[in-house]
Structures are given as structure tokens and as C-alpha cells.
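In the working numbering, the protein residues as written are 253 to 597.
Just so it is clear, CB atoms sit at the ideal spot from N, CA and C, and this is done for glycine as well.
Working notes, structure below.
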């Protein structure tokens, strides 16, 4: 990445960092009595222009879609400013992967095209002229046809594996895991060209998060060792060894215990119930990723700040979407606030 572009993108990242919403802002939004009031309050934030086009009657889905378009614009602009960056391109792929996840999961559950469409936002694809891939899958008559429509894309093999494993296990989360694998493979491949230690720390945590969680979930789903092994994105020898021990562990709890001598030991859940333990671990790890992204702003003109703002804006939009859903469903404010990923006071 060019030095001058790096500097400009870093300055832009610092500027965006200063405009991120504070905990008090989220609290005010979460206290909205209904979606009309929430929209009025969002319009008083930096997201005012982003939601201006949302039509009444408001729905959390409509609000989330507008926010996702804003996020795509933000990430596209950051990537353009910093020149050609494989890492930022890999993070941008998340938009496409998210749409394909929604489509394939919808097809697997027998939902109609109209039902699936409400969860799909093609703005990110429009910016990079990649709509066709997603549209083909969307108009397919069923899961089999959707998978076949994707066999020519460079990650078609992984999608075919996901569909085959889903047909065997009937667990919808298998699509989440395999699509995340596609994303992480791109990220890991792109990171090979970077020497920025701070950036490596932020991105490395995403790769670790995916690998560790995939092993844990694989064990929980009762997958064979080789099936779990197939989910892993290649890592350093040390990480590979750790993941190998986790895969070979007798139970999910034993797999978690393998982390007790690693830098992630504080994230190991104490809950005995497997499903709760996985959810607790996932949340703790995401909070740790968020904190690492915040700390990436310690060094000016570092590529880490550009990766950091990409992560932080993603978390922010996710929080706003969660608030919209909670307000729509009349979920108490304190419950909503406890579920958000925020800066620790």
C-alpha cells in the first residue's frame, strides 16, 4: 500500500473514530418507545442521512438495510482511499458473504424468494459490480439450484461442502461456518503480504476466533475429526497444534480447557451447559476483538488504524440494528444494552 495513501486513509480513520457513537448515545436510542421515536433520534446522529430514505411504516429490517448500505459506502470509501489492500477487500467480502448466507439458509428452510429478499441488501455488490452472483442464487428455485449457480465462483467448492454437510446434519449454522471460512481464507491469504504487527494482531484475532469457534461448534454438532479439520483455515504451527488438541479432546468442555494455557484463557466460559458456554465464549471473544480494534489507534499512520475503523464501524452498525429490533419487539432497555458490544467504561 502506498505511503501517501496510507497516511491519508489513517487520518480519515482517526476522523471517523472521533465520530463513533458513545455509550450514552446507544442508551438514548435504546430508550425509544417505538420505531418512530427511534428514527427521530437516529436522525440526530451521524446516521441521519443514511436513514433519510427509509419509508413508513418503519420496520427494524428496513432500518437495518439502510444502515448496511451506509456501512458498505463507508468500507468502500476506506478501501478506495487506502489503495489496493487485499485485507480490506477481504473484509468487504463480508457483505457478499452475508447475503449468500441469508439466501442459502432461506432456501434450506424452504422460504420463498420474497421472504428471503427482505434480508438481502445488494448495495455493496452494486458498488463493485458483483450483483449477478447474488441474484443468480436468489432466483434459484431451491437450495440445490442455488448451490449449482455458485459452482463457478472461486469458493464454489466450499458452498457445495456446506450444502452436503447441511443435508447430513440438518443444522442451519453449518452455512454460517462455511461462509465464514470463505471470508477467513481470503483474510489469511491477504495477511501474508503485511508486516504491520498491530494490523496482524487485529486480523489474527479474527482468524483465531473463526478457527477456535469452528472446532467447538464442530464438536458440539458431533462432526467427525476430518470434518472439523476441513473447517480449519491454515495457521501457524503453534495454532495448528492447539487446534489439533482441541479436535482430539473427548468433550466440548475438554476442548475449551485446551485454551487455558493460551492468551485466550480469560475467555474460557465457566458455564457447564454446552450451548450456553459456546454463546458466552463467542460474546467474550467478540468483546476482546472490539477492544483490540479500539487499541489499534495508538499509533498514527499505521495500517492497523484502517483495519481498526473497519471493525469498529461494523460493530456500531450491528449495535444499531440490534437496538432497532429490540425497540420493535419492546425488549426492555437494560436487556438491549447488555447485549451490545460497547467500549468498557
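I need the DSSP call for residue 552, collapsed to helix, strand or coil. Residue mapping note: residue 552 aligns to position 300 of the chain shown, counting from 1. Residue 552 falls in the coil class under three-state DSSP.
Can you list the alpha helix (DSSP H) stretches of 4 or more residues lying completely in the segment 345 to 369, in chain order? 365 to 369
Exposed or buried, which one is residue 449 when buried takes at least 16 other CB atoms within 10 Å? Numbered from its first residue, the chain shown carries residue 449 at position 197. It counts as exposed.
Return the CA-CA distance between residue 432 and residue 349, expressed in angstroms with no decimal places. The residue given as residue 432 occupies position 180 in the chain shown. The residue given as residue 349 occupies position 97 in the chain shown. If I take the Cα positions, the gap works out to 8 Å.
Report the three-state DSSP secondary structure of residue 253 (helix, strand or coil). Stepping through the chain shown from its first residue, residue 253 is reached at position 1. Confidence is the limiting factor: at residue 253 the pLDDT is only 43, short of 50, which leaves the residue's position unreliable, though a coordinate-based value still follows. In this structure, residue 253 counts as coil in the three-state DSSP scheme.
Identify which residue in 548, 565, 423 and 287 has its Cα closest to the Cα of residue 309. Within the chain shown, the letter at position 57 stands for residue 309. It is 287.
Minimum length 4: unbroken alpha helix (DSSP H) runs contained in the segment 426 to 502: 449 to 472, 477 to 483 and 489 to 500
What does a CB cutoff of less than 8 Å around residue 271 pick up in its chain, not counting 5 residues either side in sequence? By one-based count along the chain shown, residue 271 stands at place 19. Taken in chain order, the residues that qualify are 298.
Who are the Cβ neighbours of residue 556 in its own chain at under 7 Å, not counting the five residues just before and after it? In the chain shown, residue 556 corresponds to position 304, counting from 1. Contacts found: 448, 450, 451, 454 and 548.
When you compare only the Cα positions, how much space is there between residue 527 and residue 541? Position 275 of the chain shown, counted from the start, is the residue given in the question as residue 527. Position 289 of the chain shown, counted from the start, is the residue given in the question as residue 541. Distance between the alpha carbons of residue 527 and residue 541 is about 21 Å.
Within 10 angstroms of its Cβ, does residue 460 collect 16 or more other Cβ (buried), or is it exposed? Taking the chain shown and counting its residues from 1, the one referred to as residue 460 is at position 208. The residue is buried, with at least 16 neighbouring Cβ atoms inside 10 Å.
Please confirm whether residue 315 and residue 576 have their CB atoms less than 9 Å apart. Here residue 315 refers to the residue found at position 63 when the chain shown is read from its first residue. Here residue 576 refers to the residue found at position 324 when the chain shown is read from its first residue. Yes, these two residues count as a Cβ contact at 9 Å.
List in chain order: all unbroken alpha helix (DSSP H) runs of 4+ residues lying wholly within the segment 365 to 429. 365 to 369, 375 to 379, 383 to 391, 395 to 401 and 408 to 421
Cβ shell of residue 566 (< 6 Å), same chain only, five flanking positions each side left out: As a working mapping, residue 566 is identified with position 314 in the chain shown. So the list is empty, once near-sequence residues are dropped.
I need the boundaries of the alpha helix (DSSP H) containing residue 315, first residue and last residue. Position 63 of the chain shown holds residue 315. First-last of the alpha helix (DSSP H) with residue 315: 312 to 333.
Hey, which unbroken runs of the alpha helix (DSSP H) at 4 residues or more fall wholly within the segment 273 to 309? 275 to 282, 287 to 294 and 300 to 303
State the DSSP-derived secondary structure class of residue 583, mapped to helix, strand or coil. Locating residue 583 in the chain shown gives position 331, where the first residue counts as 1. In the structure shown, residue 583 sits in coil (DSSP, three-state: anything other than H, G, I, E or B).
Given this structure, state the Cα-to-Cα distance separating residue 253 from residue 571, to the nearest angstrom. Taking the first residue of the chain shown as position 1, residue 253 is located at position 1. Taking the first residue of the chain shown as position 1, residue 571 is located at position 319. Low local confidence applies: a pLDDT of 43 at residue 253 is under 50, so the model's placement there is unreliable, and no value is given.
Using the C-alpha atoms, what's the distance from residue 358 back to residue 364? By one-based count along the chain shown, residue 364 stands at place 112. By one-based count along the chain shown, residue 358 stands at place 106. Whole-angstrom Cα-Cα distance: 8 Å.
Measure the C-alpha to C-alpha separation of residue 277 and residue 596 and round it to an integer number of angstroms. Numbered from 1 along the chain shown, position 25 holds the residue referred to as residue 277. Numbered from 1 along the chain shown, position 344 holds the residue referred to as residue 596. Cα-Cα distance, rounded: 14 Å.
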